[in-house]
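Undergrad: Chains as they are written, first to last, in the numbering used here: chain A, 1 to 207; chain B, 208 to 414.
Don't be surprised by glycine CBs; every beta carbon is placed ideally from N, CA and C.
This structure is a prediction, so every number in the text was calculated from the model and none was measured.
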DNA sequence: CTGAAAGTTGAACCGAGTTTCAACTTGGAA
DNA sequence: TTCCAAGTTGAAACTCGGTTCAACTTTCAG
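(1) What did DSSP end up calling residue 258/B once you bin it into helix, strand or coil?
(2) Can you say whether residue 33/A is buried or exposed, counting buried as having 16 or more other CB atoms within 10 angstroms of its CB?
(3) Quick check on DSSP: helix, strand or coil for residue 16/A?
(4) Determine the burial state of residue 144/A: buried for a count of at least 16 other Cβ atoms within 10 Å of its Cβ, exposed for fewer.
(5) DSSP state of residue 323/B, grouped into three classes?
(6) Buried or exposed, going by whether 16 or more other CB atoms sit within 10 Å of the CB of residue 136/A?
(7) At a Cβ threshold of 8 Å, is residue 411/B touching chain A?
(8) Just list the alpha helix (DSSP H) runs in the region 359-390 of chain B, keeping only unbroken ones of 4 residues or longer that don't cross its boundaries, in chain order.
(9) What is the residue span of the alpha helix (DSSP H) that residue 289/B lies within?
(10) Say whether chain B places a C-beta atom closer than 8 Å to the C-beta of residue 169/A.
(11) Please tell me whether residue 198/A has its Cβ less than 8 Å away from any Cβ of chain B.
(12) For residue 207/B and chain A, any beta-carbon pair shorter than 8 Å?
(13) Determine the chain B residues that contact residue 81/A at a beta-carbon separation under 8 Å, and present them in chain order.
(14) What did DSSP end up calling residue 21/A once you bin it into helix, strand or coil?
(15) Alpha carbon to alpha carbon, how far is residue 105/A from residue 97/A? Give it in angstroms, no decimals.
(16) Suppose you measure from the CA of residue 155/A to the CA of residue 409/B; what does that come to, to the nearest Å?
(17) May I ask which residues mark the beginning and end of the alpha helix (DSSP H) holding residue 194/A?
(18) Since I believe residue 183/A is in contact with residue 111/A (beta carbons under 8 Å), could you give me their beta-carbon distance rounded to a whole number of angstroms?
(19) What did DSSP end up calling residue 127/A once you bin it into helix, strand or coil?
(20) How about residue 146/A: is its C-beta nearer than 8 Å to some C-beta of chain B?
(21) How would you list, in chain order, the residues of chain B whose beta-carbon sits under 7 Å from the beta-carbon of residue 128/A?
(22) Between the Cα of residue 272/B and the Cα atoms of 374/B, 299/B, 236/B, which residue gives the shortest distance?
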């Protein structure tokens, strides 16, 4: 899991803990991957630095060579997951189709990501308590992006306005819960089926 | 806050810790109210039994007269919050209108509840990590109830079917995130405005 | 080959918070 | 008034896990 969770460099705060050699970079990467897996499986509070270092195959003290604290590591991970989702969804938005179809494609891409990275829910959800600012930032930006896309569609006459912040949060909430139900919990149901039903809902409503 | 959080009796597990006198019931109630407030403000892990008993105005040891552990108390609270939401939404569902209008009324009632009980989000969200079974039960039932209501509407020809589990989770996700944004975070915006926009979305879609 | 910088190690320190428990208080029934 | 079950108390035992640090190893430039 999560072989690509690690960015080239990681923000570590004032005291520079960045690795200076290739060897160091590998160790830091092992710690980040181990942490993503561990937090995903057990949650922040159940994961100990001991268990993370054990999973990474390094000694306890090594952790503090690269991270100021368990907290700082978690924040770096939240930021990274948030960026990964964005990067995964971005390309499908370039595909042809009207604004609503593109939201459907975005949902499909997100569901796929959730199936591959089930740890994302535990990490981002738990950020509400462990790193509230990163958590807030993530949802604020995601909703904002949806609103912007819908407004572009509105300008093109593809969606019926006026588009409001409410629409952004409504669609985001829908996507998040569908990701939870059909990405993380139920791994069997075909994702395009789910995305199609949801897309029909936001296109035509239920009436 | 949370004067009505306390059920008449609380499940406490095998060893019977139920109070036997009026005095005991009052103390247990004080502990439950204090815990709801404390968990709502600081979250489960930041709330200590010391802080809860201090807020309730009783000694540390008294806590264990009524609860086997901090964990058991939290579970009781989650169950209670879940029931409170249900009880708050139920009455407005009896009002006249088609199935979709009733979903709008339900959302309105839920948003109102969220404004009055901001602690509900922290408590139910954190249950994902502290009491996963209660958390699962809560969302499973909520989605199920939405699906049932929509299917009734479908039978009456008020909504366009076929209604799927996807619809239940989609609407629930929408409601939850709107409650977060406009119930807990933004307390200014008129709730019926929010509910109306969301209801128009699920009634007619965006196209 | 050599020295120094980078990296690694894990026992020990430390604070925090849950839970226990034996002594003490309260309130009401007989 | 007496007695006892129910309730209360808070110091202390206990557990747990984050963080520190001084000794040790590896790597590599000169």
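TA: In terms of the structure at hand:
(1) helix
(2) buried
(3) coil
(4) The residue is exposed, with fewer than 16 neighbouring Cβ atoms inside 10 Å.
(5) helix
(6) Label assigned to residue 136/A: exposed.
(7) yes
(8) Segments of the alpha helix (DSSP H) lying fully in the region 359-390 of chain B: 372-385.
(9) 277-300
(10) yes
(11) yes
(12) Residue 207/B lies beyond the range of chain B shown here (208 to 414); nothing can be said about it.
(13) By Cβ distance, chain B contributes nothing, its closest Cβ being about 16 Å from residue 81/A, past 8 Å.
(14) coil
(15) 9 Å
(16) 21 Å
(17) 191-204
(18) 5 Å
(19) Three-state DSSP puts residue 127/A in a helix.
(20) no
(21) 332
(22) 236/B
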